[in-house]
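Heads up: the sequence shown at position 73 corresponds to 73 in UniProt numbering, and the numbers run straight through without jumps. The beta-carbon is built from N, C-alpha and C at its ideal position, and this holds for glycine as well. Keep in mind the model is a prediction, meaning the values are calculated, not measured. What follows is one structure encoded as structure tokens, with my remarks underneath.
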Amino acid sequence: MAAEGDEEGAAAPKMVGLALSGPKSSAYVLRWALRNFAQDDAPPAEFKLIHVLTPVLAVPTPLGHLLPIDEVSNSVAEGELEKMWIEKQEMLQRCKDTCDENKVEAQVLLVEGKDVADTISSLVSQYQIHNLVIGNPPSKSPFTRRSTASRTACKICKCLPSFCTAYVVSKDGLSSVHVPESESGSPSGSPVPKGNSGSSSTKEFTDGTSSRSDLDGSSAPGLPSFTLNDYLTGNAPVYADKERRIASRTGAESSILSQFRGSDKVPTSSLQELMLSDNKDDVSTELGKLNLEPSHNRLLATASKDADRESRLEKPLVLPSDSYSMFTWEEIDNATASFSLKIGTGSNGTVYKGHLNHLDVAIKVLHSDDKSSTRHFNQELEVLSKIRHPHLLMLLGACPDRGCLVYEYMENGSLADRLQRRKGTPPIPWFDRFRIAWEIGSALVFLHSTKPSPIIHRDLKPENVLLDRNLVSKIGDVGLSTLMPPKETLSNRTVYKKTGLAGTLFYLDPEYQRTGQVSVKSDTYALGMVILELLTARCPIGLPEVVEQAVEDGQISNVLDESAGDWPVREAHDLAQLGLNCLEMRSKDRPDLNSVVLEELGRLKRIAASVSGVALPGSPSHFKCPILKTVMYDPCIASDGYTYERSAMEMWLCDKDVSPVTKARLRDKTLLPNLSLKSAIVRWVADGGRPVKE
1 MAAEGDEEGA AAPKMVGLAL SGPKSSAYVL RWALRNFAQD DAPPAEFKLI
51 HVLTPVLAVP TPLGHLLPID EVSNSVAEGE LEKMWIEKQE MLQRCKDTCD
101 ENKVEAQVLL VEGKDVADTI SSLVSQYQIH NLVIGNPPSK SPFTRRSTAS
151 RTACKICKCL PSFCTAYVVS KDGLSSVHVP ESESGSPSGS PVPKGNSGSS
201 STKEFTDGTS SRSDLDGSSA PGLPSFTLND YLTGNAPVYA DKERRIASRT
251 GAESSILSQF RGSDKVPTSS LQELMLSDNK DDVSTELGKL NLEPSHNRLL
301 ATASKDADRE SRLEKPLVLP SDSYSMFTWE EIDNATASFS LKIGTGSNGT
351 VYKGHLNHLD VAIKVLHSDD KSSTRHFNQE LEVLSKIRHP HLLMLLGACP
401 DRGCLVYEYM ENGSLADRLQ RRKGTPPIPW FDRFRIAWEI GSALVFLHST
451 KPSPIIHRDL KPENVLLDRN LVSKIGDVGL STLMPPKETL SNRTVYKKTG
501 LAGTLFYLDP EYQRTGQVSV KSDTYALGMV ILELLTARCP IGLPEVVEQA
551 VEDGQISNVL DESAGDWPVR EAHDLAQLGL NCLEMRSKDR PDLNSVVLEE
601 LGRLKRIAAS VSGVALPGSP SHFKCPILKT VMYDPCIASD GYTYERSAME
651 MWLCDKDVSP VTKARLRDKT LLPNLSLKSA IVRWVADGGR PVKE
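The structure is reproduced here in structure tokens:
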């Protein structure tokens, strides 16, 4: 009978609903659905691409705040709604195009509704969708923990009719599955009754593993606690009736999970038969038959992806120890014009400008030959002679006999000098500051990833960040750095120091000051302080408290360095919050430098690069905003027929009702997105700033 039912079901397309939210989550939801419901050997499937537009409750302002919808004009509200509608329509159309390329029939369902869960539930009933794939979107903030299923996904699962099975999918794959009670309790292949929503269950699990409740008795109500080891040793009792029905339901869910985890070779005997067997040899045999290869491959793929990402930051890691030139004292003396070209003096030595081998160089000479200076010299020589990174100051040579180190010359001096605008230097534009923050973070990740011993800088501060003629930043002064034991012998990457504290007071990790323990999170703390100085150009004394108060009050613009230009308030707020998170008192509360901090800095750097299109040579004149005179990021059409950068025009309209170009009175203040121009600008930027032929 089950076989006949399968043949009948194969004749009609299987209805699969895809609840799509944003572009990122839509991508992995669609990819997962195509892989599991649209294979060549699977029954034909028809996809329903669903997105629910909820009522607009607030409208963003040019300053990054949100205004309630009832406080803005009808034209502004309608413009925001139209913008959202166009964006979601384009997103769904891209998904449909992907389905067409894979020869899967798809229908776009862009609907309005006050409640997402109720609206999707109604569509599921209307179109008789038996399988619903829901995206588990990433957290809006990179610093908040994401649950296995989002609140929206959980609510949707609770509202679904009893005939619909829901699969919650995250970026890493299937996160959880929602199985109706009527389905999980019925034998495989039996018809599923239609009707109102009955009770249901949601099974949550992680990639490649069964949930803990699958392997012990604690998940079944009324059963005493026991473990998998009890089954293997023959000590677990055999239960029947109610307990067997509960185990049967667990087995049904597990079979569904394994089907969509690539474990389709799991034996047909259900999981509860394994667990209730009193023969430990049989249990061991059955467990050995489980196909664990797919999960192993997924782990390998994830590890390979992480390794590729790190390799881009770590190329090349280690160089031969003789990768620098040796100079005599006479050559050093001649290069510096008898040490007359002094740049500055630090705690460990004096730096001079010189000219060696037709290159401008910076030559650092130790103050004395005491043990401390010698140790500092040897440490810096050992570290810099073996590594290269685009954002680490490059060692060109040395004169070991006199304690001299020869570096590349950085025309724009230190970051501290430029932030304080010493000697009348021009300010650093805000978009370059976003980039510099990322460059410093990438250099630290590189140092922490060196092999066999990770390196902790321990003295990161603006004075030790140098800028070349193009304002590209490089970290210098690694003389205080610590070579940690290899990762294999250091689980928590913490080194216990018996010597005195090293570094600069306001950039020192409080945990390091208190306990003498230094870790990679010590550099994360210093980076947080540097980020706040990039934003404010203020002295570090009391700076975290000032910025934290501004963030809490929503007044971050009050503390930003005005000389850097017109900061994007939202991105500046995100960068300030990131800096504050790096400055947490306890190291375990600080975000991971590689997976969190550098990712967020990269996002902000890309936004800054797109907004600073003015730096791109030969930009077409019609790409530029008439107000800002820069390439537009979000072009919109005003009632005068001209196109402007949205944020600039919204600010203009706050206190003016005339055209910025014609000076004539505007018919209204409606702003419509210029999607064709935006598309042309995006393509032009992607092509490296070359004009696009329309």
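Between the segment 635-645 and the segment 466-476, the count of C-beta pairs closer than 8 Å stays below three; the two stretches do not touch. Below 8 Å, enough C-beta pairs join the segment 118-137 and the segment 20-34 to call them touching: three or more. The C-beta of Trp-652 has 16 or more other C-beta atoms within 10 Å across all chains shown, which makes the residue buried. Contact between Pro-23 and Met-91 holds: CB atoms are separated by about 6 Å, below the 8 Å threshold. Shown here for Glu-584: same chain residues with a beta carbon closer than 6 Å to its own, the five before and five after excluded, namely Arg-590 in chain order.
In the assembly as shown, Thr-536 is a buried residue. Its beta-carbon has 16 or more other beta-carbons within 10 Å.
The DSSP assignment places 646-655 as complete runs of the alpha helix (DSSP H) inside the segment 608-673, in order along the chain (cut-off: 4 residues). DSSP places Met-529 within a helical segment (H, G or I) once states are collapsed to three. Separation of Gly-397 and Ile-428 (C-alpha to C-alpha, rounded to the nearest whole angstrom) is 31 Å. Bounds of the alpha helix (DSSP H) holding Phe-446 are 430-448. When Cβ pairs closer than 8 Å are counted between the two stretches, the segment 351-362 is seen not to touch the segment 383-391, the count staying below three. Distance from Lys-342 to Met-410 at the Cβ level is roughly 16 Å; contact not present, criterion being Cβ atoms closer than 8 Å. In the displayed model, Ile-50 falls within a strand according to three-state DSSP. Leu-18 is a Cβ neighbour of Ala-33, given a cutoff of 7 Å.
Looking at the backbone, the Cα of Leu-593 and that of Gln-513 are separated by about 20 Å. His-573 sits in a helix when the DSSP states are folded into three classes. If you draw a straight line from the Cα of Tyr-407 to the Cα of Gly-344, it comes to about 14 Å.
By a beta-carbon distance limit of 8 Å, Glu-511 does not contact Ser-449. Their separation comes to about 22 Å.
According to DSSP, Asp-360 shares a beta bridge with His-355. It is roughly 36 Å from the alpha-carbon of Tyr-127 to the alpha-carbon of Lys-678.
The residue among Asp-118, Ser-610 and Leu-534 with its C-alpha nearest the C-alpha of Leu-53 is Asp-118.
Judged by their CB atoms, Leu-460 and Ala-526 are nearer to each other than the 7 Å cut-off. Remark: fewer than three beta-carbon pairs, one from each stretch, lie closer than 8 Å, so the segment 451-466 and the segment 556-565 are not flagged as touching.
The Cβ-Cβ distance between Leu-671 and Gly-79 falls below 7 Å. For Arg-35, the number of other beta carbons within 10 angstroms of its own is below 16, and it is reported as exposed. Just so you know, the alpha carbons of Gly-528 and Leu-405 end up roughly 29 Å apart. Separation of Ser-73 and Val-59 (C-alpha to C-alpha, rounded to the nearest whole angstrom) is 11 Å. As a beta-bridge residue in DSSP terms, Tyr-167 pairs with Val-133 and Val-177.
Closest by C-alpha distance to His-51, out of Lys-103, Lys-114 and Glu-105, is Lys-114. CA-to-CA, the gap between Ser-595 and Ser-442 works out to about 11 Å.
Contact check for Lys-629 and Trp-438: beta-carbon distance about 26 Å, past the 8 Å limit, so the pair fails to qualify. Looking from the CA of Pro-400, the closest CA among Leu-534, Pro-13, Ile-332 and Glu-82 belongs to Ile-332. By the C-beta density criterion, Glu-101 is exposed, having fewer than 16 other C-beta atoms within 10 angstroms.
When the beta-carbon positions are compared, Val-465 and Leu-598 stay at least 7 Å from each other. In the DSSP assignment, Tyr-407 falls within the beta strand (DSSP E) that extends over 404-408.
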